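A.B. asks: Mind looking over this structure? Questions follow.
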Amino acid sequence: MADFDAGTEFDRQVQTLVDLGYPGLAGMTDTAFRGLVAPLRGPVLARAATTQPPTGRVPFLLVVSRALVPLEEAVPLTTLVGKSSPGVIERFYAPGELERFVSLKELEVPEADVYVAFDIDRGEEFCGVVPLDALEAVAGRDRTPLTIEEGVAFITHYPQALAKNKCFSLGGSRLGDRRVPALWISKGAPKLGWCWEGNPHTWLGLASAGDRGH
-10 MADFDAGTEF
0 DRQVQTLVDL
10 GYPGLAGMTD
20 TAFRGLVAPL
30 RGPVLARAAT
40 TQPPTGRVPF
50 LLVVSRALVP
60 LEEAVPLTTL
70 VGKSSPGVIE
80 RFYAPGELER
90 FVSLKELEVP
100 EADVYVAFDI
110 DRGEEFCGVV
120 PLDALEAVAG
130 RDRTPLTIEE
140 GVAFITHYPQ
150 ALAKNKCFSL
160 GGSRLGDRRV
170 PALWISKGAP
180 KLGWCWEGNP
190 HTWLGLASAG
200 DRGH
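Mapping to the numbering used here: the sequence shown position 18 is 7, numbers consecutive.
Structure follows, in structure tokens:
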């Protein structure tokens, strides 16, 4: 495996967010935004990986909360590798409904404007598996499903994570019904949609995280 430098990767992710215009969307200057994120560098370096994980896994993600930058503004900033079409939100989310898909309490997602999710796996092994069964398997490994914000962060920092037949559900955000949010590819762009928790799809796995910090 290739060597991995967590500090360099942290700086790259910060720069990616700045380049995409996150500070402006958050009503902040670039300097203020960098100052907001800077305290996360310590926790990241404290548990730094030294080797680059295999494809489909990443050591950490800087996750911006929807309270700071709404999903409706963050999703269009995502693109596929080599493509320029902006990410879209599936029309079958009713107006205002997306905001009601919130993180599960048991995930203990940090109540912070920006936080870190560690040890991310897009979960391609769960392609073709019923989401409910995938969620049970993930829980059995002391891991938790990604939230919508974490999924958006995943493809923002690693556009290559969203690939043909290797898309993923985001079971960490739920509305209390049978729908599970998911990210897939449509018309050459990322799309945030949802699928039923009891329906398997050959092209849809279940993404998960090891833990979170702030």
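C-beta: ideal position from N, C-alpha, C; glycine also.
The model shown is predicted, which means the values in this text are computed figures rather than measured ones.
How long is the line joining the alpha carbons of Glu(-2) and Asp(-8), rounded to whole angstroms?
C.D. replies: Numbered from 1 along the sequence shown, position 9 holds the residue referred to as residue -2. Numbered from 1 along the sequence shown, position 3 holds the residue referred to as residue -8. Cα to Cα, the separation comes out at about 12 Å.
A.B. asks: Does DSSP put Gly112 in a helix, in a strand, or in coil?
C.D. replies: Here residue 112 is taken as the residue at index 123 of the sequence shown, counted from 1. Residue state, collapsed to three classes: coil.
A.B. asks: By Cβ distance, which residues of its chain are closer than 8 Å to Trp192, with the 5 residues on each side in sequence left out?
C.D. replies: Within the sequence shown, residue 192 is the residue found at index 203, counting from 1. Excluding positions up to five away in sequence, the list reads Cys116, Lys153, Asn154, Lys155, Cys156 and Trp173.
A.B. asks: Where DSSP assigns a beta bridge to Arg163, which residues make up the other side?
C.D. replies: What you label residue 163 is simply residue 174 of the sequence shown in a count that begins at 1. In DSSP, Arg163 forms a bridge with Val91.
A.B. asks: In its own chain, which residues sit with a C-beta less than 8 Å from the C-beta of Ala3, not counting the 5 before and 5 after it?
C.D. replies: In the sequence shown, the residue the question calls residue 3 occupies position 14. First, the residue type needs correcting, since residue 3 is Val and not Ala in the sequence shown. Cβ within range, chain order: Arg23, Val26 and Leu51.
A.B. asks: Using the three-state DSSP reduction, which class does Phe49 fall into: helix, strand or coil?
C.D. replies: Walking along the sequence shown from the start, residue 49 turns up at place 60. Three-state result, Phe49: strand.
A.B. asks: State buried or exposed for Leu34, treating a residue as buried only when at least 16 other CB atoms are found within 10 Å of its CB.
C.D. replies: The residue labelled residue 34 in the question sits at position 45 within the sequence shown. Exposed.
A.B. asks: Pull up the distance between the alpha-carbon of Gly10 and that of Pro189, whole angstroms please.
C.D. replies: As a position in the sequence shown, residue 10 is number 21, starting the count at 1. As a position in the sequence shown, residue 189 is number 200, starting the count at 1. When the Cα atoms are used, Gly10 and Pro189 turn out to be separated by approximately 36 Å.
A.B. asks: So, under 8 Å CB-CB, Pro75 and Thr68 are touching, yes? Tell me the CB distance rounded to an integer number of Å.
C.D. replies: Within the sequence shown, the letter at position 86 stands for residue 75. Within the sequence shown, the letter at position 79 stands for residue 68. Right, the Cβ-Cβ distance comes to about 6 Å (below 8 Å), so this counts as a contact.
A.B. asks: Taking the CB atoms as reference points, tell me whether Thr145 and Leu66 lie closer together than 8 Å.
C.D. replies: Within the sequence shown, residue 145 is the residue found at index 156, counting from 1. Within the sequence shown, residue 66 is the residue found at index 77, counting from 1. Closer than 8 Å, so yes.
A.B. asks: Which class does Ala37 belong to by DSSP, given the choice of helix, strand or coil?
C.D. replies: As a position in the sequence shown, residue 37 is number 48, starting the count at 1. Coil at Ala37, not helix or strand.
A.B. asks: Specify, as a first and last residue, the run of the alpha helix (DSSP H) that Phe22 falls within.
C.D. replies: Sequence index remark: in the sequence shown, residue 22 carries index 33 (1-based). Where Phe22 is concerned, the enclosing alpha helix (DSSP H) stretches over Asp19 to Val26.
A.B. asks: Start and end of the alpha helix (DSSP H) containing Ala63?
C.D. replies: Within the sequence shown, residue 63 is the residue found at index 74, counting from 1. Per DSSP, Ala63 belongs to the alpha helix (DSSP H) from Leu60 to Ala63.
A.B. asks: Let me know the secondary structure DSSP gives Thr(-3) once reduced to three states.
C.D. replies: In the sequence shown, residue -3 corresponds to position 8, counting from 1. Of the three classes helix, strand and coil, the one that applies to Thr(-3) here is helix, per DSSP.
A.B. asks: Please report the straight-line C-alpha distance between Trp183 and Leu124, rounded to a whole angstrom.
C.D. replies: Here residue 183 is taken as the residue at index 194 of the sequence shown, counted from 1. Here residue 124 is taken as the residue at index 135 of the sequence shown, counted from 1. Whole-angstrom Cα-Cα distance: 15 Å.
A.B. asks: Per DSSP, what kind of secondary structure is Arg204 in: helix, strand or coil?
C.D. replies: With the chain covering only -10 through 203, there is no way to say anything about residue 204.
A.B. asks: Please classify Gly187: does DSSP put it in a helix, a strand, or coil?
C.D. replies: By one-based count along the sequence shown, residue 187 stands at place 198. Of the three classes helix, strand and coil, the one that applies to Gly187 here is coil, per DSSP.
A.B. asks: Who are the near neighbours of Val169 in its chain, counting only those whose CB is closer than 8 Å to its CB and skipping five residues on each side?
C.D. replies: Taking the first residue of the sequence shown as 1, we reach residue 169 at position 180. Correct list, in chain order: Pro120, Ser158, Leu159, Gly160, Arg163, Trp183, Cys184, Trp185 and Glu186.
A.B. asks: Taking all protein chains shown into account, decide if Arg201 is buried (16 or more other Cβ within 10 angstroms of its Cβ) or exposed.
C.D. replies: The residue labelled residue 201 in the question sits at position 212 within the sequence shown. It is buried - the Cβ of Arg201 has at least 16 other Cβ atoms within 10 Å.
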